[in-house]
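J.: Each residue of the sequence shown is one higher than the one before, starting from 139 at the first, in this note's numbering. Glycine is no exception: its CB is placed at the ideal position from the N, C-alpha and C atoms.
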Amino acid sequence: AIAETISAPEAERKELAQEVDEIADTLNVRLWSGANGLWSPIAYGRANTDLERSTLLCALPLTLGPGRIPADRAKLVIAALADPKAFWSPAGLRGVRSELAGADPAGAGGVHYGLNWMIWKSLLDWGETELAAKLAEALCSGYDRAHESAGGCPEGLRGDDGRPTGAQDWAG
């Protein structure tokens with residue numbers, strides 16, 4: 139969608155659109171993990187760990203939107219996002235699947251605004267408005283509660299209970 143909306147010469151927009159199509163092809167052919175129901179990161183010279191294959195980052199190809207990601211794959215990923223046994227938490231989407239978040243609910247298993255925003259926007263693009271609204275409510279309420287309890291905007295929220303974690307008055 140960016141290629142179609144940016145103010146750039148036609149040749150540059152076409153080149154960008156072609157590059158995005160090539161990225162989508164690579165993601166769909168080489169990096170989709172049907173067993174995991176997510177895309178897998180590239181681990182150069184070694185196998186991916188369970189943690190690496192189970193992060194919220196592995197859902198980011200949804201940002202490419204309909205037309206570039208097969209709908210059946212998007213449906214699997216969206217179901218995992220909405221599942222409390224996978225990524226969903228009362229404060230938003232955890233950074234890793236819940237079964238791996240237990241050991242580190244504030245770090246890898248925490249909720250971080252930026253990734254949640256990207257997924258929220260993707261949900262809207264996929265027509266998942268109800269889930270997007272639920273995510274926005276959970277995330278904003280979680281950060282509002284954290285601000286009230288800590289007196290600042292925290293870097294993140296714990297994935298298990300939504301308590302603030304990390305630096306306060308986080309701008310990034």
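#1: Do residue 169 and residue 197 come within 8 Å of each other at the CB atom, strictly closer than that value?
#2: Roughly how far, in whole angstroms, is the beta-carbon of residue 264 from the beta-carbon of residue 212, given that I think they are within contact range, below 8 Å?
#3: Bridge partners for residue 234 per DSSP, in chain order?
#4: Measuring CA to CA, which of 194, 304, 239 is closest to residue 281?
#5: My output table needs one value for residue 264: the three-state DSSP class, helix, strand or coil.
#6: What span of residues does the alpha helix (DSSP H) with residue 214 cover, start to end?
#7: Using the Cβ count rule (16 or more neighbours within 10 Å means buried), how would you classify residue 193?
#8: What number of angstroms, rounded off, separates the C-alpha of residue 221 from the C-alpha of residue 171?
#9: Which stretch, first to last residue, makes up the alpha helix (DSSP H) that contains residue 154?
#10: In the DSSP assignment, what residue or residues form a beta bridge with residue 169?
#11: In or out: residue 292 buried (at least 16 other Cβ within 10 Å) or exposed?
#12: Please state if the CB of residue 174 and the CB of residue 151 are separated by a distance shorter than 8 Å.
#13: Are residue 199 and residue 238 touching if we call contact CB-CB under 8 Å?
#14: Alpha carbons only, please: which of 153, 233, 268 is nearest the one belonging to residue 253?
#15: How long is the line joining the alpha carbons of residue 286 and residue 279, rounded to whole angstroms?
#16: Give the secondary structure of residue 227 by DSSP, where H, G and I count as helix, E and B as strand, and everything else as coil.
#17: Strictly by DSSP, which residues pair up with residue 204?
#18: Look up residue 292 in the DSSP assignment and say whether it is helix, strand or coil.
T.: Let me lay it out:
#1: no
#2: 6 Å
#3: 193
#4: 304
#5: coil
#6: 209–220
#7: buried
#8: 18 Å
#9: 148–164
#10: Beta-bridge pairing links residue 169 to no other residue.
#11: buried
#12: no
#13: no
#14: 233
#15: 10 Å
#16: strand
#17: 207
#18: coil
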